[in-house]
Every structure is written in C-alpha cells, then in structure tokens.
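Structure first, then comments.
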Amino acid sequence: MDAKEFREFGKAAVDFVADYLENIRDHEVLPTVEPGYLLDLLPKQMPEEPEPWTEVLSDINRVIKPGITHWQSPNMHGYYPTSTSYPSIVGEMLASGFGIIGFSWICSPACTELEVVVMDWLAKFLKLPEHFQHASDGPGGGVIQGSASEAVLVAVLAAREQAVLSCKETHPELSESEVRGKLIAYSSDQSNSCIEKAGVLAAMPIKLLAADEDLILRGDTLRKAIEEDVAAGLIPVICIATLGTTGTCAYDDIESLADVCQALKVWLHVDAAYAGGGFALEECAELRRGLDRVDSLNFNLHKFMLVNFDCSAMWLRDANKVVDSFNVDRIYLKHKHEGQSQIPDFRHWQIPLGRRFRALKVWITFRTLGAEGLRNHVRKHIALAQQFESFVRNDSRFEMVAPQALGLVCFRPRGDNENTTQLLQRLMERKKIYMVKAEHAGRQFLRFAVCGMDAKPSDIEFAWTEIESQLTAHLAEKSLAEVARKPSNVSDLTQHFQMHLANGGGGTHEKSQ
Ligand code: PLP
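Put into structure tokens, the structure is as follows:
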C-alpha cells in the first residue's frame, strides 16, 4: 500500500468510525452471533495475493461488526465504562503513524517528555498530593501503564523487593529464600480480581480480608490480620486498598489503613481504577482523604477521562523504589543523558521493555476537551446515575443494594435471587441493554453503570423502561407458573388473573416522573 492508497483507506476508515459512533444507538448492544461464528466465516489461511482495501473494509461491516459488543453504546451498562472520544482516537492514529517504541529517552525524547508533562497535568487536575508530580523536589512521579492490573503488579513487585532488601538487613540470619517464603500481602474481599492475580504472579499470597458490612476495608481489620501474621512469623509487605470497588464502587478507608501501614512499615497502594475520576471534583473531595499518605496509586484514564483503552495512570511517591527493583540493563539500552532526573527512562517503571506513545492521545484529549470538559464528563455520569437511582427508588418492586456512587447504581428486584437472575436473563436475551450481576452476602444484584461516549437522560429512561417492563413480564410469568403448580379449580386461576390485572399487571408499581 502506498501513501496515496493509505490516504484513501485512512479517510474511508475515519468516515466509517464517525458513522459507527454517530449511529451507535441503531445497534443492539449485544451481538447475536454464536461461538465460532467468525471461525466459520473466514478462510483458514491468509490470502496469497494482496486484496483491495475496499474489500477488507466492506468485510469489516459484513463479518466483524456483527461480532462486536458495542461498548461505546449508551445502552452498555455492564462492568465500568471504557471511554473513548474523537480526539483520543486521532491521538491513537497519530501514535501509530509515528510507530515508535519509547523505552528510553533517546528512543523518542517527545514520548518520554510528553508523558512527564501529561502525568503532572493530570496529577494537578485530580488534586493529588504535590509529591506525586515529576516537577516536585522529591523522587515521586507518574507513568502511564497499559492497565490497572499492570500498575498493581508493579506496586506489588516493587513492595516485595523493598521488603526483601530491608528484611535481609534486619534479619541477616535468614536466607533470601526463607525471607521470600514469609512474605504476605493484604487487600479486601471486594477488590478487583487483578489484585489476587498480582499475588499469584508475584508468588506472594494476598490475603483478601473481609470488608465491613458496608463493604469498606478499615484499618482495624488490617491491623488485626497483620498482628496475627507477624505473630506467626510472616512478613507483611503491602496493602492494596480500593477507591471504587468493582462490585459496588465502595471506598476503602484510606486514612485508617494508612495509620496501620505507616506504623508497621507496610507499602500502601490505592487502586482507584474507576473512581479516580472523582478526585477532580470539589464535591467529591472526600475521596481524596488520606492520599497524601499512600505510596502509590493507579487510575484508568480509559475508564473516566475519555481516553481510549489502554491507558492507566500510576503515581509513585518514590519512583526510585520501583526503578531499583526493576533496573536490568544492557549496553544497547544505554544513552548519554541517562540518569538525568527530568528525563526518566520509563522502561524501569514497568513490566515490558517497549512502550507505546500513549501520552500523545492523552495530550490531544486534554487539550481539545480542556479540564472543564473532563470535569463535565464525570459530572454528567454522576447526574445520569442519580436519574437512574430515582427510578429505582420510585418503584417499590426494586431495592437499592448500596449507595449510588459516581456513575454506578447497584439494585435488585425485591425477593429471592431468582428474580435477579431471571430479570437479567430476559434483558440479555433481548440485547437492548447490557448489565452484569454481582453478589454480596448471598444476595445477587444488578450493576447499572453509566457508559458510552455520549450518554443522555433519554438513554437512562430507555434502560429503565426496558428493566421495569421485563420485571413486569417476569413476575406475571412467575405468578402464572405458581398458579399452574397448584390449580385447585378454574375460578382460582381467574381470580389470580384479576388480581394481577388490578395490580397494574406487575405488583405494586409507582411510575416515577
Ligand atoms: N480495579 C478496579 C477497581 C476495576 O474495576 C478494574 C476493572 O474494571 C480493574 C482494577 C482492572 O482494570 P484493568 O482492566 O485496567 O486491568
């Protein structure tokens, strides 16, 4: 493909994406394909001869689009949002155009320096403690990782190596393998699966401590666990707290956890993969309490900052602790400006050697939307979640399971778990909206996350109508089945029907505004 053809293909692709995103509501959010659909549609070998791009693009419509789950649809309410925006898409394209791999400053000075700039911009925007900025006097700074999972793993590995170093000093009688065999880490049973996985990858058990009734992990629980473990000869290394748990967006009590971690010299990491977006808002200032005492934290720009996947910000109070843990060099990686404090070699801050030029899409997004645009985006998601919450609260057939938090509402139809399961199954079969289930203390519930590039109040109304009408249908079917199970006579059935209709077809049900 030459530059002329690339221009044609590229412009057609931009039109394709703009048409797709502009008309995203036309698609059912979930695809209708069965497993293996694409394997059957495509040839078993790549084409021997080149094919025209026009044919490839039309195949994207024909075979790829039918297998897409439309994450950018405002009818997507599963998981947490994965954001994108037009400027971010352009940023991704330009980064591919440069085609660099910025593992050291010399490998593309702009890649490293732009990352330093945008990470400091973001730290200021989120009102993080100053010591997390590269521009601060201390050894702190921020880096862009691919995902929250990577950020957590980096924190866990660095904390582990620091603990091994200090333990070898304080306990010279122990061999290194004896020390490593005693290491232990902590998180809550509400934390994301990536935390437990980081423990597996780091070969260090992570104890998932039971969060309190309100799903929050507090210092008392951590202190008790650590004291028991120390008494048993173990060495506590790190606690990974969460601000915005995946299940219900609960916020661990960072201040009381920091009290314990500081007193017992345990690394404190905060996973704020989703809720970090709230740090930017004055009305969410509470969320930032205690962050001045944590060693590291992560926040996914691809969840809440309109920057597309993958883009996960991580800040370190003392980056040297990570660099010292991961610094493995070769002669071909060296350059003459190495070691200068204002130009970090970010390869030592991460797991892979190669680095994508992610800062470019961040910079383009931040400049074209501005801080106010980003704050408005977070505020809009909160307002839409509040709109949904009011629908739930005004319908007596439903109950809230946890307080609405940022763009997430956790709710369930009253009654046994079967109602939740059946309602979700109906919604999944209809494919008009997508939600996922969660469970706490034996109670299953639904998570309604505000998602999509441009969700509107009418989308929330659409989702609510879908949910409440499907509950109506489920309850009607359920009561019919109950009558059918014990039909004493025909008049029982008639009476049951009459009662059902008198109740508006679906139990006590006050429609909200
Ligand atoms: N932490 C929390 C609280 C999350 O909700 C998620 C994913 O939704 C993750 C971590 C994992 O994020 P990633 O896919 O970026 O690794």
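With my numbering as the guide, the letters of the sequence shown map in order to residues 1264 to 1776.
Idealized CB from N, CA, C, for every residue including glycine.
Note that the structure is a prediction, hence the values are computed from the model and not measured.
Going by C-alpha distance, which of Y1449, G1539, V1655 and D1475 is nearest A1521? Mapped onto the sequence shown, residue 1521 falls at position 258. That would be Y1449, whose Cα lies nearest to the Cα of A1521.
Let me make sure I understand the geometry here. Which of I1498, D1516 and D1658 has the alpha-carbon closest to that of L1478? Translated into positions along the sequence shown, residue 1478 becomes position 215. Closest by alpha carbon: D1516.
Among all the DSSP beta bridges, which residues are the ones paired with C1673? Taking the first residue of the sequence shown as position 1, residue 1673 is located at position 410. Answer is R1710.
Would you mind reading off the limits of the alpha helix (DSSP H) that contains A1582? What you label residue 1582 is simply residue 319 of the sequence shown in a count that begins at 1. A1582 to F1589 is the span of the alpha helix (DSSP H), which, as asked, contains A1582.
Can you have a look at K1445 and say buried or exposed, based on whether 16 or more other CB atoms are within 10 angstroms of its CB? As a working note, residue 1445 is residue 182 in the sequence shown. When all chains shown are included, K1445 counts as buried.
If I measure Cβ to Cβ from W1334 and keep anything under 6 Å in the same chain, skipping five residues before and after, which residues do I get? Locating residue 1334 in the sequence shown gives position 71, counting from the first residue. T1345.
Count the other C-beta atoms from every protein chain shown that fall within 10 angstroms of the C-beta of R1270, then say buried if there are 16 or more, exposed otherwise. Residue 1270 sits at position 7 when you count from the first residue of the sequence shown. Its Cβ having fewer than 16 others within 10 Å, R1270 is exposed.
Terminal residues of the alpha helix (DSSP H) in which V1492 lies: One-based indexing of the sequence shown puts residue 1492 at position 229. Looking at the sequence shown, residue 1492 is not Val but Asp. Boundaries of the alpha helix (DSSP H) harbouring D1492: G1482 to A1494, taken from the DSSP string.
Take I1723 and list the residues in its own chain whose beta-carbon comes closer than 8 Å to its own, dropping the five residues that flank it on each side. Taking the sequence shown and counting its residues from 1, one reaches residue 1723 at position 460. These residues qualify, in order along the chain: L1647, Q1650, F1651, F1654 and V1713.
Distance cut-off 7 Å: C1457 Cβ against heavy atoms of the ligand PLP: Mapped onto the sequence shown, residue 1457 falls at position 194. The answer is yes for C1457.
Do you know how far the Cα of V1570 is from the Cα of K1624? Here residue 1624 refers to the residue found at position 361 of the sequence shown. Here residue 1570 refers to the residue found at position 307 of the sequence shown. Looking at the two C-alpha atoms, the distance is approximately 7 Å.
Do three or more CB pairs link the region 1525 to 1538 to the region 1496 to 1512 at distances below 8 Å? Enough Cβ pairs lie closer than 8 Å, so yes.
How many angstroms separate the CA atom of D1803 from the CA atom of S1456? A question about residue 1803 goes unanswered here, because the residues of the chain that appear run from 1264 up to 1776.
Quick one: residues in its chain with C-beta nearer than 7 Å to the C-beta of G1222, no 5 flanking neighbours on either side, listed in chain order? Nothing about residue 1222 can be reported from this structure: the residues present for the chain run from 1264 to 1776 only.
Buried or exposed: where does D1608 fall if 16 or more other Cβ atoms within 10 Å of its Cβ makes it buried? Here residue 1608 is taken as the residue at index 345 of the sequence shown, counted from 1. Buried.
List the whole-angstrom C-beta distance separating T1628 from G1341, where the pair is believed to meet the contact cut-off of C-beta under 8 Å. In the sequence shown, residue 1628 corresponds to position 365, counting from 1. In the sequence shown, residue 1341 corresponds to position 78, counting from 1. About 24 Å separates the two Cβ atoms, so there is no contact after all.
Mind checking K1431: buried by the 16 CB within 10 Å criterion, or exposed? Against the sequence shown, residue 1431 aligns to sequence position 168. By the 10 Å Cβ count, K1431 comes out exposed.
Measuring alpha carbon to alpha carbon, tell me which residue in T1684, R1693, R1689 and S1721 is nearest R1706. Position 443 of the sequence shown, counted from the start, is the residue given in the question as residue 1706. Checked all of T1684, R1693, R1689 and S1721; the closest Cα to R1706 is T1684.
From which residue to which residue does the beta strand (DSSP E) around A1504 run? Locating residue 1504 in the sequence shown gives position 241, counting from the first residue. I1498 to T1505 is the extent of the beta strand (DSSP E) around A1504.
4-residue-minimum alpha helix (DSSP H) runs that sit fully inside the region 1629 to 1698, ordered along the chain: Here the runs fully enclosed are 1680 to 1693.
By Cβ distance, which residues of its chain are closer than 7 Å to G1768, with the 5 residues on each side in sequence left out? As a position in the sequence shown, residue 1768 is number 505, starting the count at 1. For G1768, the predicted model reports a pLDDT of 46, less than 50, meaning its position is unreliable; a value from the coordinates is still stated below. Here the set comprises T1735 and A1739.
Considering just the uninterrupted stretch of the alpha helix (DSSP H) at K1470, what are its terminal residues? Against the sequence shown, residue 1470 aligns to sequence position 207. Looking at the DSSP string, K1470 is not in any alpha helix (DSSP H); the run it does join, the beta strand (DSSP E), is I1469 to L1472.
Just curious, the beta strand (DSSP E) that A1448 is in, first and last residue? Counting from 1 along the sequence shown, the entry for residue 1448 is found at position 185. Per DSSP, A1448 belongs to the beta strand (DSSP E) from L1446 to S1451.
Any heavy atom of the ligand PLP closer than 7 Å to the beta-carbon of Y1343? In the sequence shown, counting from the first residue as 1, residue 1343 sits at position 80. Yes, the ligand PLP has a heavy atom inside 7 Å of this Cβ.
Alpha carbons only, please: which of G1602, Q1733 and N1639 is nearest the one belonging to F1388? Taking the sequence shown and counting its residues from 1, the one referred to as residue 1388 is at position 125. Ranking G1602, Q1733 and N1639 by Cα distance to F1388 puts N1639 first.
Distance, E1662 Cα to R1675 Cα: Against the sequence shown, residue 1675 aligns to sequence position 412. Against the sequence shown, residue 1662 aligns to sequence position 399. The alpha-carbon atoms of R1675 and E1662 are separated by roughly 6 Å.
For A1414, the nearest candidate out of S1742, E1311, A1622 and P1615 (CA to CA): One-based indexing of the sequence shown puts residue 1414 at position 151. The shortest Cα separation from A1414 among S1742, E1311, A1622 and P1615 belongs to P1615.
Quick one: what does DSSP say I1407 is sitting in, helix, strand or coil? To locate residue 1407, count along the sequence shown from 1; it is residue 144. Reduced to three states, the DSSP call for I1407 is strand.
Applying the criterion that 16 or more other CB atoms from any shown protein chain within 10 Å of the CB defines a buried residue, is E1268 buried or exposed? For the purposes of this step, residue 1268 is taken as residue 5 along the sequence shown, with counting starting at 1. Per the 10 Å Cβ criterion, exposed.
Would you say the region 1566 to 1585 touches the region 1368 to 1379, given that touching needs at least three Cβ pairs under 8 Å? Fewer than three Cβ pairs drawn from the region 1566 to 1585 and the region 1368 to 1379 lie within less than 8 Å of each other, which leaves the two stretches out of contact.
Assuming S1451 contacts L1464 under a Cβ cut-off of 8 Å, what Cβ separation, rounded to an integer in Å, is found between them? Walking along the sequence shown from the start, residue 1451 turns up at place 188. Walking along the sequence shown from the start, residue 1464 turns up at place 201. About 19 Å separates the beta carbon of S1451 from that of L1464, a gap too long to meet the 8 Å contact definition.
Bridge partners for V1533 per DSSP, in chain order? As a working note, residue 1533 is residue 270 in the sequence shown. Under DSSP, V1533 shares a beta bridge with A1504 and L1560.
Consult DSSP for M1356 and reduce its assignment to one of helix, strand or coil. Translated into the one-based positions of the sequence shown, residue 1356 becomes position 93. Helix at M1356.
In whole angstroms, what separates the C-alpha of Q1776 from that of L1637? Counting from one through the sequence shown, the residue named residue 1776 turns up at place 513. Counting from one through the sequence shown, the residue named residue 1637 turns up at place 374. Interpretation of Q1776 is limited by its pLDDT of 30, a score under 50 that renders its predicted location unreliable; no figure is taken from the coordinates.
Please report the distance separating the alpha-carbon of T1262 from that of F1708. Since the first and last residues shown for the chain are 1264 and 1776, residue 1262 lies out of range.
Inter-residue Cα distance where the pair is G1617 and C1374: Residue numbering aside, residue 1617 sits at position 354 when the sequence shown is read from its first letter. Residue numbering aside, residue 1374 sits at position 111 when the sequence shown is read from its first letter. Rounded to the nearest whole angstrom, the C-alpha separation of G1617 and C1374 is 12 Å.
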